[in-house]
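Residue numbers (full-length UniProt numbering): 1 to 469.
Heads up, the beta-carbon is just placed ideally off N, CA and C, and yes, glycines get one too.
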């Protein structure tokens, strides 16, 4: 760096002085970095608590539902899954049943007549007169009201394809196709659902009318039946049952049975077994999920609050009150017997095989849990739901709206904003200080330069004085 005329390196001096002056800024930056690290650590803690909150919440029964109802799940199994399928509700009862399917429900199908009875005319095969076509689905004889009824507008001169498209776009419960056979184009209508209440009735346009309850008149009816609708028939433990459709909800309490395959001649029936049994997998899975979430929380919390005496390194939240409060809240939720379990035979998680090991991890004794469930499902369900509720409540206070962790993070964010304002103020003041230093040292440099010039002049004058011997 070049020197000024006075010999003072102004830039160097000012730079060194400003390094000292900027010490408060450095301290603020270090403090902000610490706050940012804590916010990040609190985010990790909140994530672990949220996961625990979810796992615990999955064990809490819905309002109006008991713990036993929540975990009294049944599963259905068919010996031959091609014959039928089944699903269960909480009201199901365990048991094994013989199932014999004798008839599947069928869809109703009708098609336009050919020859003189066809509703289409002319070289273009069109419907001379259109109008409002009412498509109804009902049983034979008809019930008090149709299963479904829909109006479809058909234009004058409509082709079979146009009628097909109008029906298919109207969500009538009936599907239409056009088949071009040797006798010409025929419009085929088929009910979307199989069942005895799915007979198709057409009214509103005389040339397209069809009534499944009327006696067929082959030479004049515009539509003829190609397949009659029918309900299903089967036996359950030898008891004959007939149903409107292939999906049956009334044969067994809490069981929805869907028939998939029926006999074909000469076979008259298809047989299999239906087994309804308790399914405790959701309860076991819920306990395991809760334990995993608890171990993950403990691992995260312990890491954030750790201290290594050998390296003298501390976790980001070492000594932090928020972390300690979170740990205490979760520890209390798992360690204190919920009031709902007062007087109960099963009161602690250890009673069903959930215990704390020497290494600090919580484990599940699968055999003990399974034994407890088989011996006392109501007691296990009540215990699991109670601890789930207590844990969720504790987690809610930490990560819910206005929760402790969120409040702490918001406080740190506010502190960072305040540090930013302080930093801006100091930076503005440092700019003024630097300008003052530069003025002062520049003036000093000029002064020294002037004094140097005067000194040089005097030295020259003294050198020119005569010498006296």
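- For the set 270, 266, 253, the Cα lying nearest the Cα of residue 260 is the one of 270.
- Each residue's CA atom was taken as its position, placing residue 316 and residue 308 some 12 angstroms apart.
- Annotation note: the region 354 to 403 contains the following uninterrupted beta strand (DSSP E) runs of length 3 or greater, listed N- to C-terminal: 354 to 356, 362 to 364.
- A distance of 9 angstroms or more separates the beta carbons of residue 203 and residue 128.
- Secondary structure note for residue 291: its alpha helix (DSSP H) is the uninterrupted segment 281 to 304.
- In the three-state reduction of the DSSP assignment, residue 100 falls in the strand class.
- By the Cβ test, the region 325 to 332 is not in contact with the region 340 to 354, since fewer than three Cβ pairs between them sit closer than 8 angstroms.
- Take the alpha-carbon of residue 405 and the one of residue 292: they are about 21 angstroms apart.
- Its chain contains 112, 127, 207, 208, 222 as the residues whose beta carbon lies nearer than 7 angstroms to that of residue 119, once the 5 sequence neighbours on both sides are disregarded; these appear in chain order.
- In terms of CA proximity to residue 314, 305 leads the group 320, 62, 305.
- In the three-state reduction of the DSSP assignment, residue 410 falls in the helix class.
- Only exposed fits residue 156, as fewer than 16 other CB atoms lie within 10 angstroms of its CB.
- Contact fails between the region 231 to 243 and the region 154 to 168, because fewer than three Cβ pairs, one in each stretch, are under 8 angstroms apart.
- Between residue 73 and residue 368, the alpha-carbon positions lie close to 20 angstroms from each other.
- Counting the other CB atoms within 10 Å of its CB gives residue 212 a total of 16 or more, which places it among the buried residues.
- Residue environment: residue 151 is assigned as exposed (fewer than 16 neighbouring CB atoms within 10 Å of its CB, all protein chains considered).
- Residue burial is scored here from C-beta neighbours: residue 459 has fewer than 16 other C-beta atoms within 10 angstroms and is therefore classed as exposed.
- Under the 10 Å beta carbon count, residue 30 is surrounded by fewer than 16 other beta carbons and is classified as exposed.
- Excluding five sequence positions before and after residue 179, the CB atoms of its chain that fall closer than 7 angstroms to its own CB belong to 186, 188, given in chain order.
- Taking 9 angstroms as the cut-off, the Cβ atoms of residue 364 and residue 287 count as close.
- Here the alpha carbon of residue 197 sits roughly 14 angstroms from the alpha carbon of residue 172.
- The C-alpha of residue 394 is placed about 48 angstroms away from the C-alpha of residue 429.
- Taking 8 angstroms as the upper bound for CB-CB distance, residue 237 and residue 97 are in contact here, some 5 angstroms apart.
- In this chain, residue 168 is not harboured by any beta strand (DSSP E); it is covered by the alpha helix (DSSP H) spanning 160 to 168.
- Judged by their CB atoms, residue 46 and residue 409 are nearer to each other than the 9 angstroms cut-off.
- Residue 337 carries a coil assignment under DSSP once its states are collapsed to helix, strand and coil.
- For residue 20, the secondary structure class from DSSP, reduced to helix, strand or coil, is helix.
- Residue 242 sits in a strand when the DSSP states are folded into three classes.
- In the three-state scheme derived from DSSP, where H, G and I count as helix and E and B as strand, residue 74 is classed as strand.
- DSSP assignment within the region 224 to 270 yields the following whole beta strand (DSSP E) runs of 3 residues or more, N-terminal first: 232 to 236, 239 to 243, 247 to 252, 255 to 259.
- Annotation: residue 195 to residue 44 spans about 57 angstroms, alpha carbon to alpha carbon.
- With a cutoff of 9 angstroms on beta-carbon distance, residue 336 and residue 60 are scored as not near each other.
- Scanning 38, 265, 67, 81 for the CA closest to the CA of residue 411 turns up 38.
- Judged by DSSP in its simplified three-state form, residue 87 adopts strand.
- The DSSP-derived three-state label of residue 344 is coil.
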